[in-house]
Every structure is written in structure tokens, then in C-alpha cells.
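Working notes, structure below.
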Amino acid sequence: MKIGELSRATGTNIETIRYYERIGLLPEPARTAGNYRSYGEAHRTRLAFVRHSRELGFTIEEVRSLLDLADHPERECSEADRIATRHLAQVEEKIGQLVTLRDELSRIIGRCRGGLAADCRVIEALGDHTMCNGDHE
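Under the numbering used here, residues 1181 to 1317 are what the sequence shown spells out, in order.
What follows is the structure, given as C-alpha cells:
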């Protein structure tokens, strides 16, 4: 299949496919006589793996490591478990930070009385970090 067909089959932008080729996540395909890229089912499967991994928030380097494990099925899966466990811990930390942000924004918005911008509690709180509850950086 041509790059446009691969793009449609996986929902991946053409430039993203080319980027993944350049950085080695996706092997370069064979070329047709007219010098067009010619992708096969293995490319589609690998690209789907990369895309799903990225949608789950894995970094390029984590995806690279996971692909290396997938390419060597005889290896132990403990490294994949370690990568996924570490990523889950990062996601949980981010969720905690987002909950803190949500709570602080709700508190600031709740102080709003309407009226003029000169008296706006939202603008006042954004301009003075000491008015915030806790750390939300």
C-alpha cells in the first residue's frame, strides 16, 4: 500500500509516518519502480502498535524499548512490565496534579462575584499566588 493508504488504514498523519521512519520506529519500506514507498501488513501492524502506545502516553524511547521487546518474543516480558508500571506511576502523579489544579480553579471561580474586572477575584488570585491554597505547579 502507498503512504496515503497506510495513513488512512491507521489514522496516522503522513508526516508522522515519515517521522517514525526517520527515527527508526517504523522500518523504511521497499520502493516501487516509480520510487513510491510500498508498505505491507507488517508496517500497518507496527504502526498501529506505535500509535496505540503513543495514545497511552508512552514516550518515543519507551515505545522504542517496547518495540525491541516485541521484536524479540523469546525475551522475558519483565522489562515491558517495568516500563508500563513506571508509566502508570507517572500517569497517577499527573492525575493528582490535575485534581489539585481542578480544586484550586474551582475555589478561585467560586470566589467570583461578577461585576467589574477591577474587582474580579479570578484576576486577583491569578496575579497573587499567595492567595492560592497549596502547591499546584
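Ideal Cβ positions, reconstructed from N, Cα and C, are used throughout, including at glycine.
Under DSSP, residue 1217 takes part in a beta bridge, and its partners are 1211. Between residue 1198 and the set 1280, 1227, 1285, 1233, the nearest pair of CA atoms involves 1227. Judged by DSSP secondary structure, residue 1304 falls within the alpha helix (DSSP H) whose first and last residues are 1301–1307. Inter-segment contact for the region 1245–1263 and the region 1280–1299 is absent: fewer than three beta-carbon pairs are separated by less than 8 Å. When C-alpha distances from residue 1189 are compared across 1220, 1271, 1240, the shortest belongs to 1220. In the structure shown, the three-state DSSP call for residue 1256 is coil.
Taking a cut-off of 8 Å for Cβ pairs, the region 1238–1255 and the region 1210–1218 do not touch, as fewer than three such pairs fall below it. One thing to note: residue 1224 has its Cβ no nearer than 8 Å to the Cβ of residue 1182.
The alpha-carbon separation between residue 1246 and residue 1287 amounts to approximately 42 Å. When the beta-carbon positions are compared, residue 1186 and residue 1244 stay at least 8 Å from each other. The beta carbon of residue 1194 is closer than 8 Å to those of 1183, 1184, 1187 in its chain, skipping five residues each way along the sequence. With distances taken between CA atoms, residue 1312 lies nearest to 1290 out of 1290, 1203, 1233, 1296. For residue 1297, no alpha helix (DSSP H) segment is defined, and its DSSP state is neither H nor E.
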